[in-house]
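Student: Residue numbers (this note's numbering): 70 to 245.
Note that the Cβ used here is the ideal one computed from N, Cα and C, for glycine as well.
Computed from a prediction, not measured in an experiment: that's the story for all the values here.
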Amino acid sequence: VACPPGHYCVAIPCPSGTFNPDSGAMDISSCYNCPSGNYCPEGSENPTPCPSGYYCPEGSIHPISCPAGTYGYVNAAESEADCAMCPRGHYCPEASVEPEHCPAGTYGDKVGLDSAHSCTLCPVGNYCPEGSVEPEHCPAGTFGELSGISSADSCELCDKGHYCPMGTAVPMTCPE
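1. Just to confirm before moving on: does the CB-CB distance between Y124 and A146 stay below 7 Å?
2. Exposed or buried, which one is I218 when buried takes at least 16 other CB atoms within 10 Å?
3. Do E111 and S85 have their C-beta atoms closer together than 7 Å?
4. With DSSP as the reference, please indicate the residues paired to P110 in a beta bridge.
5. Thinking C-beta only, is G138 closer than 7 Å to C109?
6. Identify, in the order they occur along the chain, each residue of the same chain with its Cβ nearer than 7 Å to the Cβ of N115, setting aside the five sequence neighbours on each side.
7. Please name the residue in A153, P104, M235 and D228 whose C-alpha comes closest to that of A209.
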């Protein structure tokens, strides 16, 4: 009886981190080390390519998540160095395949943010559309008294008898 692929006889599975595509293997020396960019659970017949958002060094038994603050956009990544730093205006939870925009009303002025909570609340006198890298001032003639507004349309018109330079949080009374 031939030994099944992924095993060496007497039907002992190749250990985790190795594989054997051939029938008839006689001992553990027939099990090959799992190549980088792949993972091999116990009894693997062939290496499995590492999915996006993960990396797999040589001999991996399972994929390893790209850390929070990074993302893995390629299949068969071989090391943590293959995980890209999350760009400004975005955040990347653990095992991200692509960056996610900071929510409207917030901004991300740093690289490597790991959650929506890492994005900074837009300050008063400003607005922040989704994915903002920095706050944008409310236009002259308007004011923004609330933090976390997401569009210039949310900036309020300056009241009569007051003036509002760009970025105003509270209208200023016109001089007499």
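Tutor: So, from the listed chains and residues:
1. In the sequence shown, residue 124 corresponds to position 55, counting from 1. In the sequence shown, residue 146 corresponds to position 77, counting from 1. Yes, the pair counts as a contact, with Cβ atoms nearer than the cut-off.
2. In the sequence shown, the residue the question calls residue 218 occupies position 149. Answer is buried; the Cβ neighbour count reaches 16.
3. Your numbering for residue 111 matches position 42 in the sequence shown. Your numbering for residue 85 matches position 16 in the sequence shown. Yes, Cβ-Cβ distance for E111 and S85 is below 7 Å.
4. Locating residue 110 in the sequence shown gives position 41, where the first residue counts as 1. Paired residue(s): none; P110 is not in a bridge.
5. Locating residue 109 in the sequence shown gives position 40, counting from the first residue. Locating residue 138 in the sequence shown gives position 69, counting from the first residue. For the pair C109 and G138, the CB atoms are not nearer than the 7 Å cut-off.
6. As a position in the sequence shown, residue 115 is number 46, starting the count at 1. Beyond the five residues adjoining it in sequence on each side, N115 comes within less than 7 Å, by CB distance, of F88 and P90 in the same chain, given in chain order.
7. Taking the first residue of the sequence shown as 1, we reach residue 209 at position 140. Of the listed residues, the one whose Cα sits closest to A209 is M235.
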